[in-house]
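In my numbering, the protein residues as written are 300 to 792.
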């Protein structure tokens with residue numbers, strides 16, 4: 300904000316200057332900047348749309364959408380004698396679906412897991428050999444199963460072991476999160492549950508009637524079109540399944556966006572060779588693990604009623620856009636009418652052009668409070684969902700960043716809407732200063748030329764450019780891990 304003096308050096312001199320066309324110089328630089336400002340203003344809603352009539356995401360219930368994914372993929376299928384293959388460390392250290400898996404390995408102190416995947420230090424290698432992965436998963440299941448109460452084994456009643464952990468970790472994958480960790484990399488809280496289904500429970504008749512399912516299996520997207528049958532050969536048994544499910548705490552939203560909740564499920568199927576005596580498996584003797592298969596699912600559910608606000612937002616933005624069209628049209632017609640009617644048409648058009656662009660562009664774009672207030676209200680209503688959609692475009696599934704130019708330019712245009720909030724704040728400050736504080740009659744309060752345009756560009760740069768992600772930035776170290784409930788065993792019915 301600045302004060303501009305309006306004291307005249309003499310009425311005669313002022314009259315002479317105002318009547319002289321050269322009193323206000325015509326600058327091509329100002330003309331170019333004003334042209335860009337007018338072009339952006341006139342095409343604002345043409346580039347970004349009036350409102351959100353429909354979301355591109357799959358709807359699973361009223362106002363519930365699959366915001367990310369769902370994705371399902373095999374991580375590793377490894378036999379006990381497979382020693383030639385490797386897997387990137389990424390899957391067990393940086394991937395978001397590894398947060399729950401690592402939490403249980405760390406909490407139960409599974410010794411075979413490398414300490415570097417817990418961010419105790421940097422990993423010296425970028426891959427893990429299949430023998431190590433085989434030992435990591437096999438020992439994780441053994442350690443978890445061994446923590447089941449001994450009474451469950453003595454009673455010979457099938458039980459499902461379960462444990463719930465609450466974790467808090469820091470999520471970093473973008474440049475601004477890496478550079479300004481305390482401000483942008485806020486802790487992420489998760490609830491993690493591990494369930495272990497031993498082979499005995501799959502044969503139990505009660506399990507077919509009353510099944511204990513993971514919490515996510517009762518979600519909105521769950522379908523049970525495929526059922527996994529337990530297979531038990533002469534000497535092989537399927538130790539199905541160790542399931543690790545992880546739910547990130549639901550985030551808070553705004554007017555049109557109520558929040559989102561990422562989730563992931565990791566299933567580990569283990570095939571073992573066990574000794575049989577008299578037709579039954581003797582579990583007192585050790586079994587040999589032959590095969591391990593790890594499969595993961597991930598996705599995010601979001602809640603939003605931005606579509607319900609579409610009509611209101613469309614009316615607001617449409618009225619503001621129509622107003623600015625009329626405002627600039629009236630400016631052009633006024634400049635044309637002010638020119639001499641005795642001149643040639645070409646000369647008159649040129650004088651209209653020159654006069655029009657002698658008027659400071661920011662006074663036309665930001666001079667009226669009506670479109671600014673209307674644009675700001677519309678932006679306040681749907682900005683939360685707009686920012687979520689923008690953030691989703693910058694997501695990096697499996698650490699791969701893929702954003703085409705069209706999406707980048709559209710996101711850039713959407714971020715331009717922030718300027719209406721800035722302009723509204725400046726209007727309020729100017730009104731408060733001139734009407735409440737009341738400067739002397741020889742001064743007025745204004746904003747330096749192109750200051751708002753500079754603020755717009757800076758806001759876009761700060762909002763879009765730092766969102767660029769890199770695989771090298773990804774980190775999600777634990778800040779805390781605690782058992783939410785004691786380790787329990789639950790009977791199938």
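Don't be surprised by glycine CBs; every beta carbon is placed ideally from N, CA and C. All values derive from a computational prediction rather than experimental measurement.
Pairwise C-alpha distance: residue j and residue i
i	j	result
residue 357	residue 732	50 angstroms
residue 782	residue 711	43 angstroms
residue 728	residue 721	11 angstroms
residue 379	residue 445	21 angstroms
residue 453	residue 542	Confidence at residue 453 is low in this model, with a pLDDT of 48, below 50, so its placement is unreliable and the value that follows should be read with caution. For residue 453 and residue 542, the distance between alpha carbons rounds to 24 angstroms.
residue 487	residue 663	45 angstroms
residue 330	residue 657	8 angstroms
residue 404	residue 692	32 angstroms
residue 647	residue 633	12 angstroms
residue 635	residue 652	8 angstroms
residue 638	residue 650	7 angstroms
residue 366	residue 324	54 angstroms
residue 586	residue 485	44 angstroms
residue 778	residue 566	25 angstroms
residue 534	residue 498	Here residue 534 scores only 47 on pLDDT, less than 50, and its place in the model should not be relied on; the value that follows carries that caveat. Taking the straight line from one Cα to the other gives about 13 angstroms.
residue 680	residue 610	12 angstroms
residue 406	residue 562	20 angstroms
residue 774	residue 337	43 angstroms
residue 496	residue 409	20 angstroms
residue 391	residue 706	31 angstroms
residue 387	residue 327	57 angstroms
residue 360	residue 687	19 angstroms
residue 715	residue 661	15 angstroms
residue 667	residue 618	14 angstroms
residue 470	residue 389	15 angstroms
residue 525	residue 725	Low confidence applies here, because residue 525 scores a pLDDT of 44, under 50, leaving its location unreliable and the question unanswered by this model.
residue 478	residue 422	22 angstroms
residue 704	residue 675	27 angstroms
8 angstroms Cβ cutoff met for residue i and residue j
i	j	result
residue 362	residue 550	no
residue 443	residue 591	no
residue 616	residue 677	yes
residue 597	residue 395	yes
residue 796	residue 570	Because residue 796 is not part of the residues shown, which for the chain are 300 to 792, the question remains open.
residue 544	residue 492	yes
residue 468	residue 776	yes
residue 340	residue 718	no
residue 621	residue 655	no
residue 349	residue 673	no
residue 473	residue 398	no
residue 572	residue 436	no
residue 689	residue 713	yes
Nearest residue (CA-CA) to residue i, options the options
i	options	result
residue 780	400, 623 and 350	400
residue 385	429, 490 and 421	429
residue 439	704, 419, 413 and 425	413
residue 564	340, 595 and 612	595
residue 606	478, 351 and 333	351
residue 383	719, 426 and 436	426
residue 369	339, 600, 681 and 423	600
residue 381	588, 666, 717 and 661	588
residue 671	723, 704 and 463	723
residue 465	631, 621 and 402	402
residue 332	644, 659 and 640	659
residue 608	568, 376 and 685	685
residue 418	725, 393 and 354	393
Beta strand (DSSP E) segment containing residue i, residue limits
i	result
residue 495	486–495
residue 563	556–572
residue 369	363–378
residue 354	Run containing residue 354: none; DSSP gives neither H nor E here.
residue 777	777–782
residue 387	385–387
Residue range of the unbroken alpha helix (DSSP H) whose run includes residue i
i	result
residue 594	Looking at the DSSP string, residue 594 is not in any alpha helix (DSSP H); the run it does join, the beta strand (DSSP E), is 587–603.
residue 725	717–730
residue 340	327–341
residue 430	429–445
residue 420	From DSSP, residue 420 is part of no alpha helix (DSSP H); its letter is neither H nor E.
residue 670	668–692
residue 647	644–657
residue 614	609–637
residue 706	704–714
residue 660	660–665
residue 403	398–406
Cβ-heavy atom distance, residue i to the ligand HEM, below 7 angstroms
i	result
residue 347	By its list of ligands, the structure shown contains no ligand whatsoever, and the ligand HEM lies outside what it can speak to.
Quiz item: With contact counted as at least three CB pairs below 8 angstroms, one residue from each stretch, are the segment 555–569 and the segment 336–345 in contact?
Solution: Taking 8 angstroms as the limit for Cβ pairs, the verdict is that the segment 336–345 does not touch the segment 555–569.
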